[in-house]
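Take 1 as the starting number for the sequence shown in full-length UniProt numbering and just add one per residue.
Where is the CB? At the ideal position from N, CA and C, for every residue including glycine.
Working notes, beginning with the structure itself.
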Amino acid sequence: MSANPILTDYPSQSIDIRPLSGPLGAEVLGLDLSRPLNDEDFRRIHRAHLDHHVLVFRDQRITPQQQIDFSRRFGQLQIHVLRNFQLAGHPEVLVVSNIKENGQPIGLGDAGAFWHSDLSYKDRPSLGSLLHAQELPPQGGDTLFSNQHAAYEDLPAALKRALDGKRAEHNYLAKYEELRARSPWRPPLTAKQIEEVKPAVHPVVRTHPETGRKALFVNEHFTTRILGLPEDESRSLLDELFALSVRPEYLYTHYWQPGDMVFWDNRSVMHLAAGTPDFLRRKLYRTTIEGDIPS
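Printed below as a string of structure tokens:
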């Protein structure tokens, strides 16, 4: 994590961390992120994030800047390549929304259309992402998370051996044209933007840098091929892993409530947007924390 000022003089908050039923996730109650968070409370949140992989902060009435400030305590923030969906005055915030104003989308409305780990296509994929609800639909808009530690641990021993040392390519452009063909949220990319999202290569099984636990690290959105295998074998193995990685027993579905901010560990989980009916409005603000080079 990045260096931050020592914040020991602020009073502690009455934080209650309650594990959710299921394979991952915890609810954080009593935390007010509009108030300064002292080091002891921050360490509790950090530990809970590592233990539970997805944290749900309830009833957060915070500004975009306060979301940015909290996110930065975990590391440097990453700026999404689609600059047109940055929040005005806050380039660190990606607007995730299906809303159109004056006929133009205000945010990335098809974010999460495929299972993925955020920015796995970068040399330094995301440590974690924080998504803060601004406007929620009365139905739909759920987000699913899948525990990739559990997915790896449950693999047959022979498959684990087959994956040992394997590396895979991740490419932001893998499904870009497919998404462009069916939605208004994907503009043509400039040469500079394409250069910014050059393919990256990562281990198929990564080791979490803070806990030492292994996790599957391939996803249907960005992972294109496993290096060193013929194309048909690579595709067959990836399809098998994609299916195994999202079995029902690994999943938590988040049903959004007003004021929710969800903080997930991209080194431990994948996520998927369940979708929102076109006639209902949904808007959330996302910040993304830079991680390490996977090993």
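Can you check DSSP and say which residues form a bridge with residue 131? 262 and 286
Quick check on DSSP: helix, strand or coil for residue 42? helix
Can you list, in chain order, the residues of its chain with a C-beta nearer than 8 Å to that of residue 270? Leave out the 5 residues immediately preceding and following it. Taken in chain order, the residues that qualify are 115, 116, 117, 145, 146, 148, 219, 245 and 246.
Quick test of your reading: residue 200 and residue 123, contact by CB under 8 Å. State the CB separation rounded to the nearest angstrom. 5 Å
Counting along the chain, where does the alpha helix (DSSP H) carrying residue 82 start and finish? Premise fails: residue 82 is in no alpha helix (DSSP H) and is neither H nor E.
With distances taken between CB atoms, is the gap from residue 81 to residue 193 smaller than 8 Å? yes
Going by beta carbon distance, what residues of the same chain come within less than 6 Å of residue 3, once the five residues before and after it are set aside? Only weak support exists for where residue 3 lies, its pLDDT of 46 falling under 50; the value from the coordinates is given anyway. Excluding positions up to five away in sequence, the list is empty.
Report the residue from 20, 90, 120 and 167 whose alpha carbon sits nearest the alpha carbon of residue 222. 120
Over what stretch of residues does the beta strand (DSSP E) that includes residue 214 continue unbroken? 214 to 216
Pairs of beta-carbons, one from the stretch 78 to 92 and one from the stretch 153 to 164, closer than 8 Å: are there three or more? no
What residue range is occupied by the uninterrupted beta strand (DSSP E) comprising residue 99? First-last for residue 99: undefined, no H or E at that position.
Inter-residue Cα distance where the pair is residue 176 and residue 73: 32 Å
Three-pair Cβ contact test at 8 Å for the stretch 258 to 270 versus the stretch 164 to 176: In the pairwise beta carbon analysis, the stretch 258 to 270 is classified as not touching the stretch 164 to 176: fewer than three pairs are separated by under 8 Å.
When we look at the beta-carbon of residue 138 and count the other beta-carbons within 10 Å, is it buried (16 or more) or exposed? Residue 138 should be labelled exposed.
Given residue 185, which residues of its chain have a CB within under 7 Å of its CB, disregarding the five upstream and five downstream residues? 105, 108, 109 and 110
What residue ranges within the stretch 146 to 170 form continuous alpha helix (DSSP H) runs of no fewer than 4 residues, ordered along the chain? Correct list: 148 to 153 and 157 to 163.
Work out the CA separation of residue 265 and residue 30 for me, nearest whole Å. 21 Å
In chain order, what residues of the same chain have a beta carbon less than 8 Å from the beta carbon of residue 15, not counting five sequence neighbours either side? 28, 29, 30, 31, 41, 44 and 45
Excluding sequence positions up to five away, which residues of its chain have a Cβ less than 7 Å from the Cβ of residue 293? 123 and 124
Just the C-alpha distance for residue 136 and residue 262, rounded to the nearest angstrom, thanks. 14 Å
Run through DSSP, which three-state label would residue 142 get? Correct three-state label for residue 142: coil.
Taking buried to mean at least 16 other C-beta atoms within 10 Å of its own C-beta, is residue 249 buried or exposed? exposed
In whole angstroms, what separates the C-alpha of residue 209 from that of residue 127? When rounded, the distance between both Cα atoms is 10 Å.
Apart from the five residues just before and just after residue 227, which ones in its own chain have a Cβ nearer than 6 Å to its Cβ? 167
Inter-residue Cα distance where the pair is residue 38 and residue 101: 40 Å
Going by DSSP in three states, residue 2 sits in which element: helix, strand or coil? With a pLDDT of 46 at residue 2, under the threshold of 50, the modelled position of that residue is not reliable, and the figure given next carries that caveat. DSSP places residue 2 in coil when its eight states are reduced to three.
Along the chain, where does the alpha helix (DSSP H) that runs through residue 244 open and close? 231 to 245
Identified DSSP bridge partners for residue 29: 16
Classify residue 243 as buried or exposed, calling it buried when 16 or more other Cβ atoms lie within 10 Å of its own Cβ. exposed
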